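Step one of this worksheet: look at the structure below.
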Amino acid sequence: SKDNVLLVAAMHGGCRIVNVSDFVLGDNDEKEEETKDVVAEEKKYINSNLICSCKTNVVKEFKEHQSMAYGADWIYFSSLTNNEDDDDDEKEVEVAASCSFYDKSAFIW
């Protein structure tokens, strides 16, 4: 679902589309002992009182930038397509746009 997908400008790592699942937000006091032996990618501290747990999966990477990927955003628009009956159908299109810092470039992908 779109609600579980992040578009990330990961600086020198390029841009990534990441699927986030099993997101749980809880109280740090109750889970302090439990988190000591957990892999860092699965547990991230939000602040001293809260902790979140999630699984992440990179579903697409874009590494065409020649310098740091500094920003990224989704672009949504409607496009007309022709079907077999020569009727125009409106289709929702979703693409990503990203920009880099030192080389001052922008890409739509």
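Quick note on my numbering: the sequence shown kicks off at 9 and runs consecutively. Beta carbons: idealized from backbone N, C-alpha and C, even for Gly. Quick caveat: nothing in here was measured; it's all calculated off a predicted structure.
Residue i versus the options, residue with shortest Cα-Cα distance
i: A105; options: D97, I116, D111; result: I116
i: V32; options: E72, S87, S61; result: S61
i: N27; options: K63, G34, A18, I59; result: K63
i: A18; options: A114, E69, V101; result: E69
i: L14; options: V103, F109, A114; result: V103
i: I83; options: Q74, A77, S75, V101; result: V101
i: G34; options: I25, I59, N12; result: I59
Residues that DSSP places opposite residue i in a beta bridge
i: S86; result: E100
i: G124; result: Residue coverage of the chain in this structure runs from 9 to 117, which leaves residue 124 outside it and unanswerable.
i: A17; result: C23
Residue i in three-state terms, based on DSSP
i: D11; result: helix
i: Y78; result: strand
i: C107; result: strand
i: S113; result: coil
i: K68; result: strand
i: V28; result: strand
Length of the line joining the Cα atoms of residue i and residue j
i: E72; j: G22; result: 8 Å
i: S86; j: D97; result: 10 Å
i: V67; j: D111; result: 26 Å
i: I25; j: L88; result: 26 Å
Contact with chain D by residue i, beta-carbon distance below 8 Å
i: G21; result: Judged by its chain identifiers, the structure shown contains no chain D, having just a single protein chain.
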